[in-house]
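**Student:**
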Amino acid sequence: MQVTEIYRSLQGESTYAGLSCVFVRLTGCNLRCTWCDTEYSFYGGKRMTPEEVFDEVVDLSPSGLIEFTGGEPMLQERELVPLMRRLIESGYRILLETSGERRLEQVPAGVVKIVDVKCPGSGERDTFDIENLKALLPHDEIKFVLSDRSDYEFACDFTLRHALDRRVNAVLFSPAFRKDAAGTRDASKCLLDPQLLAGWMLEDNVPARLGLQIHKFIWDPALKGV
Ligand code: SF4
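Counting from 259, one number per residue, gives the positions in the sequence shown under the numbering used here.
1. Output needed for Leu277: all residues of its chain with C-beta closer than 6 Å, excluding positions within five of it in sequence on either side, in chain order.
2. Applying the 10 Å Cβ sphere with the 16-neighbour rule, what's the burial state of Leu284?
3. Taking the alpha helix (DSSP H) that Pro308 falls in, what are its first and last residues?
4. Could you check whether Leu394 and Arg425 sit closer than 8 Å to each other, using their CB atoms as the reference points?
5. Given this structure, state the Cα-to-Cα distance separating Gln260 from His420, to the nearest angstrom.
6. Does Pro308 come within less than 8 Å of chain C when only Cβ atoms are used?
7. Taking the alpha-carbon positions, what's the Arg407 to Glu309 distance?
8. Compute the beta-carbon to beta-carbon distance between Pro479 and Lys447, rounded to the nearest angstrom, for a pair I have assumed lies under 8 Å.
9. Which same chain residues, not among the five before or five after Pro465, have their C-beta less than 6 Å away from its C-beta?
10. Counting only the same chain and skipping the five closest in sequence on each side, list residues whose C-beta sits under 7 Å from that of Val429.
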């Protein structure tokens, strides 16, 4: 497997936010979102066997929460799926962060899929494979990263049209962060003001949860490996 980094930190997003979590960031992505904050994962990394990844995860955390992220982890599906299965059998709770551009039906049922459906402002609209709606399970989560009002309207429409709130555990609306955000840790670094988004969500009574990337409010937004 090609791996950019493995580290333990607090989970910053989803309904698991705030929990201690081991992150396995796999190298490579087939999308190029305009606001991507992990471009360093597109290339490089180091070659590891699934056994080496397993051992490093166990060293960092003998039990608990593991997230596979990227890049796009499903580009390494052939090795990733058996590894996730092995970790589940060993008692771990596994989160898989994916854009849903790759097919997800081979993901083991015990894995919590956090699917980042791309909005127009990402520049990668319509990359979500609509067939993946059938692979969603009640414990899964759908995330929309929003950079402006048209992203918000896209997310509302998609959520309502596909009754997402009845399919998954949570629908998350999350303001995008500026790519060059560094230094101060405050909402001014968001492309879309969380207060504005909160107002829209309340006004429309959207069946979704406002999500903030809390790691960017705890640590310097430019910091890697947190
Ligand atoms: S899918 Fe994720 S890693 Fe890939 S470009 Fe978009 S935000 Fe970056």
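No residue lacks a Cβ here, since even glycine has one placed at the ideal position from N, Cα and C.
**Tutor:** Taking the definition as stated:
1. Gln269 and Leu323
2. buried
3. Pro308 to Leu318 is the span of the alpha helix (DSSP H), which, as asked, contains Pro308.
4. yes
5. 35 Å
6. Although the question refers to chain C, the structure presented lacks it and comprises just one protein chain.
7. 45 Å
8. 6 Å
9. Asp423
10. Ile400, Thr417, Leu422, Asp423, Pro465, Ala466 and Arg467
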